[in-house]
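In short: position in the sequence shown from 1, add 24, done, that's my numbering. By construction, the Cβ of each residue, glycine as well, lies at the ideal position given by its N, Cα and C atoms.
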Amino acid sequence: MQNILFILQMDSKQIGEKDVVINSEELQLHPLSGGDSLLVSFTGDSLLYSIDPERIDAIVVIKNKEEISHYTKKEVEGLVIIKFKDEKDFLSMISKQ
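1. Which first and last residues belong to the beta strand (DSSP E) in which Ile118 is found?
2. When we look at the beta-carbon of Ile31 and count the other beta-carbons within 10 Å, is it buried (16 or more) or exposed?
3. From the DSSP secondary-structure annotation, give me the bridge partner or partners of Asp76.
4. Taking the CB atoms as reference points, tell me whether Ile80 and Ile86 lie closer together than 7 Å.
5. With H, G and I counted as helix, E and B as strand and the rest as coil, what does DSSP make of Ser48?
6. For the beta strand (DSSP E) containing Lys89, list its first residue and its last residue.
7. List the DSSP bridge partners of Thr67.
8. Cutting at 6 Å between CB atoms, please list the residues of its own chain near Val84, excluding the five before and the five after it.
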């Protein structure tokens, strides 16, 4: 598999980094978390199979190196951002509640 970084995103002013305890070793809070979005990153695609498509608002694929550099300093060939529709679905996917 190519070197691709996956990011789960929830646009929310209510969710802060301090409010989330990640429930998986595959997931980690992304360094750019904060502001209006909470970002959680992972590599490898195994986690994707557990996401219900109904929960997804949008999927953004970025291959342009300059755009990728806005999200990460890691050397990756591509970036996939999965935006969730609902805060509860997002939190149930990533955190211990």
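With the structure as the only source:
1. In the sequence shown, the residue the question calls residue 118 occupies position 94. Premise fails: Ile118 lies in the alpha helix (DSSP H), 111–118, not in any beta strand (DSSP E).
2. Within the sequence shown, residue 31 is the residue found at index 7, counting from 1. By the neighbour-count rule (16 or more Cβ atoms within 10 Å), Ile31 is buried.
3. The sequence position of residue 76 within the sequence shown is 52, counting from 1. None; Asp76 has no bridge partner.
4. Indexing the sequence shown from 1 puts residue 80 at position 56. Indexing the sequence shown from 1 puts residue 86 at position 62. No. Outside cutoff.
5. Counting from 1 along the sequence shown, the entry for residue 48 is found at position 24. Ser48 falls in the coil class under three-state DSSP.
6. Against the sequence shown, residue 89 aligns to sequence position 65. Looking at the DSSP string, Lys89 is not in any beta strand (DSSP E); the run it does join, the alpha helix (DSSP H), is 89–92.
7. The count along the sequence shown starts at 1 and reaches residue 67 at position 43. Answer is Leu29.
8. Numbered from 1 along the sequence shown, position 60 holds the residue referred to as residue 84. These residues qualify, in order along the chain: Ile105.
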